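Okay, structure first, notes after.
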Amino acid sequence: MSVLIWFTDPSNWSGPSGIPTRLLEQFVITAVAVLAAAAIALPAGIVTGHLGKGSAVVTSVANLGRAIPTFALLLLLAAAGGVGVSAAIIALAIFAIPPMLTNANIAISGVDPQARMAGRAVGFTGRQLFWQVELPLALPLIFAGIRTASVQVIATATLAAFVGGGGLGRFILDGFALQDTTMVLAGVLLVALVTMSMEGLLALVQAGISHRLGRVPGRLTSSFLRVFRTS
Numbered sequence: 011m012s013v014l015i016w017f018t019d020p021s022n023w024s025g026p027s028g029i030p031t032r033l034l035e036q037f038v039i040t041a042v043a044v045l046a047a048a049a050i051a052l053p054a055g056i057v058t059g060h061l062g063k064g065s066a067v068v069t070s071v072a073n074l075g076r077a078i079p080t081f082a083l084l085l086l087l088a089a090a091g092g093v094g095v096s097a098a099i100i101a102l103a104i105f106a107i108p109p110m111l112t113n114a115n116i117a118i119s120g121v122d123p124q125a126r127m128a129g130r131a132v133g134f135t136g137r138q139l140f141w142q143v144e145l146p147l148a149l150p151l152i153f154a155g156i157r158t159a160s161v162q163v164i165a166t167a168t169l170a171a172f173v174g175g176g177g178l179g180r181f182i183l184d185g186f187a188l189q190d191t192t193m194v195l196a197g198v199l200l201v202a203l204v205t206m207s208m209e210g211l212l213a214l215v216q217a218g219i220s221h222r223l224g225r226v227p228g229r230l231t232s233s234f235l236r237v238f239r240t241s
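Under the working numbering, the first residue of the sequence shown carries the number 11, and numbering increases by one thereafter.
Structure representation (structure tokens):
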């Protein structure tokens, strides 16, 4: 009941420490971190998958990234003078790289070899083969990596508050400082709701991508294979 009262208190919905402001901070930190990670991970994973080389390096980098505790990295960056949003974004971007890097590499390298052979049989260049065969077939799995990273980051972005980065974690941190259990529980509930909402939204987007693009590559592959068999 006390948590419900906290949520219905107008003072918690306005000002620089209100729920809308903290939500915006959480989303901005998440978006910047995921975009930064994607700018590094997706090209690296796609190129290595397309060339069929460097998978061992990708696996090693991904495993190393998973082994680094995000909170410990945040504290190290803070100790190095990176207190604030920048420290949180760097740590979260490193945290987001492994799933996107791994999925991109596996998605491209795992494209059906028959689809590649059929594409070459009808005269596709390497660039055409990539854009018209490999990428459409791989896109659902690539997006799955983006989805996983985004959900992990928006939940973990709560830790940004512990290095002065803002976000929903401020409710938890300030609640502990003030010994306000209601505020702590409200902060935890907000993080859970936002994380589940993000998961649900991205799951719908992924399903839409799979539905729309899954049929097109299938038709392309079938036509390629028919040409391949009659050539």
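The C-beta atom is built at its ideal place from N, Cα and C for all residues, glycine as well.
Source: prediction; values computed, not measured.
- Task: Inspect the CB distances between the segment 183–201 and the segment 134–150 and report whether three or more fall short of 8 Å.
- Result: Contact check between the segment 183–201 and the segment 134–150: fewer than three CB pairs, one atom from each, fall below 8 Å, which does not count as touching.
- Task: Kindly indicate which three-state DSSP category G75 falls into: helix, strand or coil?
- Result: In this structure, DSSP gives G75 a helical state, which the three-state scheme calls helix.
- Query: So A125 packs on I39, CB below 8 Å; how close in whole Å?
  - Reply: Not a contact, Cβ separation roughly 39 Å.
- Query: What three-state label does DSSP hand T158 in the structure shown?
  - Reply: It is helical.
- Query: Considering only the beta carbon of each residue, do F118 and I152 sit closer than 9 Å?
  - Reply: According to the sequence shown, residue 118 is Ile rather than Phe. In this structure, I152 lies closer than 9 Å to I118 by Cβ.
- Query: Helix or strand or just coil, what does DSSP make of L188?
  - Reply: Residue state, collapsed to three classes: coil.
- Take the Cβ of A51 as the centre, count every other Cβ of all protein chains shown within 10 Å, and call the residue buried at 16 or more, exposed below. Buried is the call here.
- Query: Which residues in the same chain as A103 place their Cβ atom closer than 6 Å to its Cβ, once the five residues preceding and following it in sequence are excluded?
  - Reply: Taken in chain order, the residues that qualify are A43, A46 and A47.
- Task: Quick one: using the 10 Å Cβ neighbour count with 16 as the cut-off for buried, is N73 buried or exposed?
- Result: Counting Cβ neighbours within 10 Å, N73 comes out exposed, since fewer than 16 surround it.
- Going straight from the alpha carbon of G136 to that of H221, what length do you get? Separation of G136 and H221 (C-alpha to C-alpha, rounded to the nearest whole angstrom) is 26 Å.
- Query: With respect to the alpha helix (DSSP H) encompassing W16, which residues constitute its N-terminal and C-terminal limits?
  - Reply: DSSP places W16 in the uninterrupted alpha helix (DSSP H) bounded by S12 to T18.
- Task: Please check the pair L178 and G197, which I expect to be a contact at CB under 8 Å, by giving their CB distance rounded to whole angstroms.
- Result: Confirmed, about 6 Å.
- Are there 16 or more other CB atoms within 10 angstroms of the CB of M208, so buried, or fewer, so exposed? Under this definition M208 is a buried residue.
- Query: How many Å lie between S27 and A170 at the Cα?
  - Reply: Taking the straight line joining both Cα atoms gives about 15 Å.
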